[in-house]
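K.L.:
Line by line, the protein sequences are chains A and B. Here UniProt numbering is used: the first residue of the first sequence is 1, the next is one more, and so on. Here UniProt numbering is used: the first residue of the second sequence is 1, the next is one more, and so on. Every residue gets a Cβ at the ideal spot worked out from N, C-alpha and C, and that includes glycine. In this text the structure is predicted, and so the values were computed from the model without any measurement. One structure coming up, written as structure tokens, with questions to follow.
2 protein chains.
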Amino acid sequence: MSEKKIPYKIYLEESEMPKAWYNVRADMKNKPAPLLNPATLEPMTAEELGAVFCDELVKQELDNDNRYIEIPEKIRDFYKMYRPSPLVRAYCLEEKLQTPAKIYYKFEGNNTSGSHKLNSAIAQAYYAKDQGLKGVTTETGAGQWGTALSMACAYLDLDCKVYMVKCSYEQKPFRREVMRTYGVSVTPSPSETTEIGRKILAEHPGTSGSLGCAISEAVEVATHTEGYRYVLGSVLNQVLLHQSVIGVETKTAMDKYGIKPDVIIGCAGGGSNLGGLISPFMGEKLRGEADYQFIAVEPASCPSFTRGVFAYDFCDTGMVCPLAKMYTLGSGFIPSPNHAGGLRYHGMSSVLSQLYHDGYMEARSVEQTEVFEAAERFARVEGILPAPESSHAIKVAIDEAMKCKETGEEKTILFGLTGTGYFDMYAYEKFHDGKMKDYIPSDEDLKAGFDGIPKFPGNM
Amino acid sequence: MSEKKIPYKIYLEESEMPKAWYNVRADMKNKPAPLLNPATLEPMTAEELGAVFCDELVKQELDNDNRYIEIPEKIRDFYKMYRPSPLVRAYCLEEKLQTPAKIYYKFEGNNTSGSHKLNSAIAQAYYAKDQGLKGVTTETGAGQWGTALSMACAYLDLDCKVYMVKCSYEQKPFRREVMRTYGVSVTPSPSETTEIGRKILAEHPGTSGSLGCAISEAVEVATHTEGYRYVLGSVLNQVLLHQSVIGVETKTAMDKYGIKPDVIIGCAGGGSNLGGLISPFMGEKLRGEADYQFIAVEPASCPSFTRGVFAYDFCDTGMVCPLAKMYTLGSGFIPSPNHAGGLRYHGMSSVLSQLYHDGYMEARSVEQTEVFEAAERFARVEGILPAPESSHAIKVAIDEAMKCKETGEEKTILFGLTGTGYFDMYAYEKFHDGKMKDYIPSDEDLKAGFDGIPKFPGNM
């Protein structure tokens with residue numbers, strides 16, 4: 001550890017901000033398995049992917065070789081509006097815990113989308129615009145991704161159609177209004193605007209929708225409308241690539257002050273935040289240049305890593321997307337109610353799944369009441385009101401710091417604080433009123449999910 | 001203008017953060033008029049004020065002489081958690097407007113209270129703790145001040161009782177939950193917990209409360225409970241003093257890059273944000289060292305500066321507080337519904353009132369639909385979702401920038417962006433749905449308010 005006094009918050013200079021994303025796949029010996037065409041079980045070609053995604057993003061999706069991919073200047077300019085994000089030394093939390101550990105967090109919540117999602121939203125919107133497209137479509141559940149994409153599209157003057165899961169549309173009207181402020185159209189899903197939406201409505205009148213259904217509608221509109229493509233906020237290789245800006249900034253800031261983390265912790269839903277944060281550190285580990293302990297934290301109610309299987313599976317419940325090889329609970333698995341909507345995903349990024357499978361990282365599952373306890377504890381000393389998703393990482397960071405208190409080790413702990421909880425106060429209210437419950441799926445629940453994973457030679 | 005390239009965001013180094021607040025009263029030739037005891041019409045003594053406020057804050061309230069007041073280290077440490085706030089160059093807005101003007105804003109919304117209120121909350125809570133008190137009481141309307149105070153008290157382990165206007169308590173449950181996350185008690189006002197509350201409830205059963213009533217309850221509890229004092233989020237001299245941290249940081253950042261603003265704009269409710277932002281610049285103007293144009297922006301529905309009178313008046317509708325000399329619409333004036341809750345105050349800081357009276361600043365009133373238009377325009381290019389209050393300043397900043405476009409002048413415009421609008425989406429929804437109305441009080445409405453101003457020789 002350098003003698004240099006560490007400030008509460010480290011902001012890089014604009015000139016120190018990353019000029020390239022780091023592609024961790026380039027340093028992986030075992031590359032993530034390719035996406036498969038569900039009809040042929042053959043790897044998806046660039047041409048096939050090009051019907052759904054922008055050309056440049058298809059290239060990024062398939063690029064396992066180039067270690068650095070330059071960030072276009074227009075995207076760097078947009079990043080300058082809300083980045084660099086601060087790397088915070090949690091002095092107050094350390095003092096409260098009376099731990100010898102040094103705790104740092106990279107805070108991605110200081111932008112109107114309230115999370116790291118904006119890092120990839122602007123990239124995906126930029127490439128769509130650059131290709132001369134008219135617009136993009138997407139789905140959103142809790143609304144953070146939809147908000148981020150709305151902001152990016154407003155900035156670039158690109159049309160944007162968001163399909164929002166109907167129950168969220170109704171329960172989170174404020175999220176919807178933020179998106180409308182950015183001028184996008186928000187449609188509750190399932191809707192009458194698509195064939196699949198009409199079919200679902202006919203079969204299940206009164207349904208409150210699902211993420212899988214919203215994906216299906218967004219993909220249908222993108223592929224059936226001239227000049228539109230579909231964009232996705234997590235899971236994909238390209239998204240992890242864009243999110244590497246988090247990790248590269250963090251590493252630059254830490255190097256500047258001579259800080260080396262021992263443990264790096266992030267919450268994991270589809271994996272975009274965790275993948276982004278750990279990328280450059282993982283690169284060093286893969287190249288044998290340094291060692292770090294990586295911990296993925298997931299909700300006990302949706303334990304893809306800790307209780308899932310490593311297999312090819314559908315990315316969406318509607319089964320319209322390609323198959324991805326990942327740790328999965330089965331695309332039909334319905335997680336019990338949990339307030340960390342961003343972590344309620346049955347699968348996991350193929351990149352992270354491969355790294356986990358190869359033993360480069362570990363995973364832990366935590367229950368939501370203990371997560372909210374950690375969130376409240378954190379808020380009271382560090383001032384920031386964390387999102388439920390982010391609080392999963394806080395919980396494990398505190399656990400690790402308390403272990404240091406027992407052993408006396410002065411470990412340096414880094415975690416990703418992905419966002420703020422301003423739109424999650426209903427969950428906090430339940431917690432304050434003692435009405436929050438924990439849910440752990442039974443083995444039978446999991447078996448039902450596993451049964452839906454496609455069966456073909458070599459899978460499962 | 002220096003040749004130095006101006007970054008999108010200027011963050012001061014921790015070492016450059018202010019070590020002292022700047023007390024603009026020291027440079028005023030005409031000092032703000034003292035608070036009067038409503039019973040005797042004599043200036044309030046330190047002893048009288050000490051029954052309500054902490055001793056050190058009473059000293060600050062009465063101090064018209066010391067130009068700099070040192071910020072205690074513990075407060076400076078707390079400031080380091082969320083400050084320095086960025087001074088942002090609005091490159092994207094300038095480009096969108098195609099104006100030759102250079103636009104800057106000081107953004108105070110990057111903390112969980114969502115506004116600048118935290119700057120004074122921590123100071124007031126600190127002095128209460130330092131005096132060995134057990135707790136503080138306050139009122140809150142929209143909830144930003146209550147949230148800020150809750151955060152400060154949680155950090156210092158000080159008890160805090162918030163009286164929240166009943167209609168806000170019910171309509172803004174999320175604000176209430178943020179406060180509960182910080183461990184404070186939030187009571188809807190009027191309540192059965194105070195004598196005045198019980199009296200009001202008996203006289204007006206089913207009332208939805210008012211800020212004036214909540215103040216009265218908070219003051220009663222503070223003065224009747226051993227070890228408690230009352231704290232207030234705006235209007236007072238001490239609050240403007242604490243908020244000078246905004247202006248001092250801004251000036252330091254501008255000086256560092258050789259930027260000199262021509263016009264400085266801020267929204268004005270009770271005056272704490274505007275007073276804080278302009279303080280050090282006003283000091284230069286008062287000392288004849290530099291000239292700046294200062295513009296206070298207020299809602300047309302509550303036009304204290306532009307249509308009020310300069311007189312001694314009650315600070316609260318309950319008439320339990322001392323009399324302050326200020327631009328006022330009368331403590332009985334009830335502003336028509338306006339979504340900028342923080343600007344719905346009948347009076348104005350005595351410091352700013354004196355400066356306005358002496359011709360050192362000007363004021364403009366704007367209507368809320370045009371304010372929301374400006375807010376949305378700003379959000380789409382600058383990414384930040386502004387609070388309705390802050391958007392009053394945005395509106396006038398855009399107006400000034402558009403004037404520059406006509407005249408070709410390359411003015412440098414600075415405005416205060418006090419906070420974010422995450423808890424104001426109901427207002428945005430009304431705006432999006434075309435249901436927002438403008439309200440301008442008639443001369444008769446104003447006369448009714450003026451009639452309630454206390455009559456005594458020399459007043460009005």
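So with Cβ pairs under 9 Å, would you call A/A253 a contact of chain B?
P.N.:
Residue 253 of chain A sits at position 253 when you count from the first residue of the first sequence. Chain B contact via Cβ: absent.
K.L.:
Going by the DSSP bridge assignment, what does A/R229 pair with across the sheet?
P.N.:
Translated into the one-based positions of the first sequence, residue 229 of chain A becomes position 229. Answer is A/V136, bridged to A/R229.
K.L.:
Given that A/I384 touches chain B, what residues does it touch there, using C-beta distances under 7 Å?
P.N.:
Locating residue 384 of chain A in the first sequence gives position 384, where the first residue counts as 1. By Cβ distance, chain B contributes T112.
K.L.:
Would you give the residue range spanned by the beta strand (DSSP E) that B/I413 belongs to?
P.N.:
Counting from one through the second sequence, the residue named residue 413 of chain B turns up at place 413. Here the beta strand (DSSP E) through B/I413 covers 412-417.
K.L.:
So is A/V245 in contact with chain B if we call contact Cβ pairs under 9 Å?
P.N.:
If you number the first sequence from 1, residue 245 of chain A lands on position 245. Cβ-Cβ to chain B under 9 Å: no for A/V245.
K.L.:
On the criterion of 16 or more Cβ atoms from any shown chain inside 10 Å, does A/K199 qualify as buried, or is it exposed?
P.N.:
Residue mapping note: residue 199 of chain A aligns to position 199 of the first sequence, counting from 1. By the 10 Å Cβ count, A/K199 comes out exposed.
K.L.:
Using a Cβ-Cβ distance cut-off of 9 Å, determine whether A/R180 contacts chain B.
P.N.:
Working through the first sequence from its first residue, we reach residue 180 of chain A at position 180. Judged by the 9 Å Cβ criterion, A/R180 is in contact with chain B.
K.L.:
Does the region 360-368 of chain A come into contact with the region 283-297 of chain A, if we say contact requires no fewer than three beta-carbon pairs (one atom in each stretch) closer than 8 Å?
P.N.:
Between the region 360-368 of chain A and the region 283-297 of chain A, the count of C-beta pairs closer than 8 Å reaches three or more; the two stretches touch.
K.L.:
Under a Cβ-count criterion, where at least 16 other Cβ atoms within 10 Å of its own Cβ denotes burial, should A/R287 be classed as buried or exposed?
P.N.:
Along the first sequence, read from residue 1 onward, the residue named residue 287 of chain A stands at position 287. Flag for A/R287 reads exposed.
K.L.:
Would you tell me roughly how many angstroms separate the C-alpha atoms of A/S349 and A/L343, rounded to the nearest one?
P.N.:
Start at 1 with the first residue of the first sequence, and residue 349 of chain A comes out as number 349. Start at 1 with the first residue of the first sequence, and residue 343 of chain A comes out as number 343. Straight-line Cα distance between these residues: approximately 12 Å.
K.L.:
Considering only the alpha carbon of each residue, which of A/H224, A/A253, A/Q238, A/H339 lies closest to A/S15?
P.N.:
As a first step, residue 15 of chain A must be located in the first sequence, where it is residue number 15. The option with the nearest alpha carbon to A/S15 is A/A253.
K.L.:
Tell me whether B/S304 is buried or exposed, calling it buried when 16 or more other Cβ atoms sit within 10 Å of its Cβ.
P.N.:
On the second sequence, position 304 is the one that residue 304 of chain B refers to. With 16 or more other Cβ atoms within 10 Å, it is buried.
K.L.:
Can you give me the Cβ contacts of B/Y82 inside the same chain, cut-off strictly under 6 Å, excluding the 5 residues immediately before and after it?
P.N.:
Taking the first residue of the second sequence as position 1, residue 82 of chain B is located at position 82. For B/Y82, where only same-chain residues beyond five positions count, the Cβ hits under 6 Å are N111.
K.L.:
Do B/T250 and B/K106 have their beta-carbon atoms positioned less than 9 Å apart in this structure?
P.N.:
Sequence index remark: in the second sequence, residue 106 of chain B carries index 106 (1-based). Sequence index remark: in the second sequence, residue 250 of chain B carries index 250 (1-based). In this structure, B/T250 lies closer than 9 Å to B/K106 by Cβ.
K.L.:
Which class does A/T317 belong to by DSSP, given the choice of helix, strand or coil?
P.N.:
As a working note, residue 317 of chain A is residue 317 in the first sequence. Reduced to three states, the DSSP call for A/T317 is coil.
K.L.:
List the whole-angstrom C-beta distance separating B/T328 from B/I453, where the pair is believed to meet the contact cut-off of C-beta under 8 Å.
P.N.:
Walking along the second sequence from the start, residue 328 of chain B turns up at place 328. Walking along the second sequence from the start, residue 453 of chain B turns up at place 453. Indeed they touch by this definition, with Cβ atoms about 7 Å apart.
K.L.:
Distance check for B/V221 and B/G283, CA to CA, integer angstroms please.
P.N.:
By 1-based counting over the second sequence, the position of residue 283 of chain B is 283. By 1-based counting over the second sequence, the position of residue 221 of chain B is 221. If I take the Cα positions, the gap works out to 38 Å.
K.L.:
Name, in chain order, the residues that DSSP records as bridge partners for A/I10.
P.N.:
Position 10 of the first sequence holds residue 10 of chain A. A/I10 pairs with A/L87.
K.L.:
Contact criterion: CB-CB distance below 9 Å. Does B/D63 meet it with respect to chain A?
P.N.:
Within the second sequence, residue 63 of chain B is the residue found at index 63, counting from 1. By this cut-off, B/D63 is not an interface position.
K.L.:
Quick one: is B/F423 near chain A, going by C-beta distance under 9 Å?
P.N.:
As a first step, residue 423 of chain B is located in the second sequence; it is residue number 423 there, counting from the start. At least one chain A Cβ lies under 9 Å of B/F423.
K.L.:
Give the DSSP bridge partners of A/V297, in chain order.
P.N.:
Residue mapping note: residue 297 of chain A aligns to position 297 of the first sequence, counting from 1. Answer is A/C267, A/R364, bridged to A/V297.
K.L.:
Are there 16 or more other CB atoms within 10 angstroms of the CB of A/D313, so buried, or fewer, so exposed?
P.N.:
The residue given as residue 313 of chain A occupies position 313 in the first sequence. Under this definition A/D313 is a buried residue.
K.L.:
Residues bridged to A/W21 by DSSP?
P.N.:
Position 21 of the first sequence holds residue 21 of chain A. DSSP output for A/W21 lists A/I69 as bridge partner(s).
K.L.:
Please report the straight-line C-alpha distance between B/Y428 and B/G421, rounded to a whole angstrom.
P.N.:
Counting from one through the second sequence, the residue named residue 428 of chain B turns up at place 428. Counting from one through the second sequence, the residue named residue 421 of chain B turns up at place 421. B/Y428 and B/G421: Cα-Cα distance of roughly 9 Å.
K.L.:
Please say whether A/W21 and A/V245 have beta carbons closer to each other than 9 Å?
P.N.:
What you label residue 245 of chain A is simply residue 245 of the first sequence in a count that begins at 1. What you label residue 21 of chain A is simply residue 21 of the first sequence in a count that begins at 1. Their beta carbons are under 9 Å apart, which means A/V245 touches A/W21 by this criterion.
K.L.:
Run down chain A in chain order and give the residues with a C-beta less than 7 Å from the C-beta of B/M151.
P.N.:
Within the second sequence, the letter at position 151 stands for residue 151 of chain B. B/M151 reaches chain A at G383, counting residues in chain order whose Cβ is nearer than 7 Å.
K.L.:
Determine whether the Cβ of B/K80 lies closer than 9 Å to any Cβ atom of chain A.
P.N.:
Along the second sequence, one-based indexing puts residue 80 of chain B at 80. Chain A contact via Cβ: present.
K.L.:
From B/Q131 to B/I122, what does the alpha carbon distance come to, in whole angstroms?
P.N.:
As a first step, residue 131 of chain B must be located in the second sequence, where it is residue number 131. As a first step, residue 122 of chain B must be located in the second sequence, where it is residue number 122. Between B/Q131 and B/I122, the C-alpha separation is close to 14 Å.
K.L.:
To which residues of the same chain is A/A101 closer than 8 Å at the C-beta, ignoring the five residues directly before and after it?
P.N.:
Indexing the first sequence from 1 puts residue 101 of chain A at position 101. These residues qualify, in order along the chain: E94, E400, A401, C404, K405, E409, E410, K411, T412, I413.
K.L.:
Quick check on the DSSP output: what are the complete beta strand (DSSP E) runs of length 3 or more inside the region 385-434 of chain A, in order along the chain?
P.N.:
412-417
K.L.:
Contact criterion: CB-CB distance below 9 Å. Does B/E3 meet it with respect to chain A?
P.N.:
The residue you call residue 3 of chain B lines up with position 3 of the second sequence. The pLDDT assigned to B/E3 is 47, lower than 50, so where the model puts this residue is not dependable; a value taken from the coordinates is nonetheless given after this. At a cut-off of 9 Å, the C-beta of B/E3 has no neighbouring C-beta in chain A.
K.L.:
Using beta-carbon positions only, say whether A/S234 and A/S272 come within less than 9 Å of one another.
P.N.:
Indexing the first sequence from 1 puts residue 234 of chain A at position 234. Indexing the first sequence from 1 puts residue 272 of chain A at position 272. It is a contact, given that the beta carbons lie within the stated cut-off.
K.L.:
Pull up the distance between the alpha-carbon of B/Y8 and that of B/H204, whole angstroms please.
P.N.:
Translated into positions along the second sequence, residue 8 of chain B becomes position 8. Translated into positions along the second sequence, residue 204 of chain B becomes position 204. In a straight line, the C-alpha of B/Y8 is about 53 Å away from that of B/H204.
K.L.:
Scan the region 158-186 of chain A for residues whose Cβ lies nearer than 9 Å to a Cβ of chain B and list them as they occur along the chain.
P.N.:
P173, F174, R175, R176, E177, V178, R180, T181, Y182, G183
K.L.:
Is there a Cβ from chain A that is less than 9 Å from the Cβ of B/Y428?
P.N.:
Working through the second sequence from its first residue, we reach residue 428 of chain B at position 428. Taking Cβ atoms only, chain A reaches closer than 9 Å to B/Y428, which makes this a yes.
K.L.:
Within its chain, find whatever has a CB closer than 7 Å to the CB of B/D65; leave out the 5 residues flanking it on each side and keep chain order.
P.N.:
By one-based count along the second sequence, residue 65 of chain B stands at place 65. For B/D65, where only same-chain residues beyond five positions count, the Cβ hits under 7 Å are A26.
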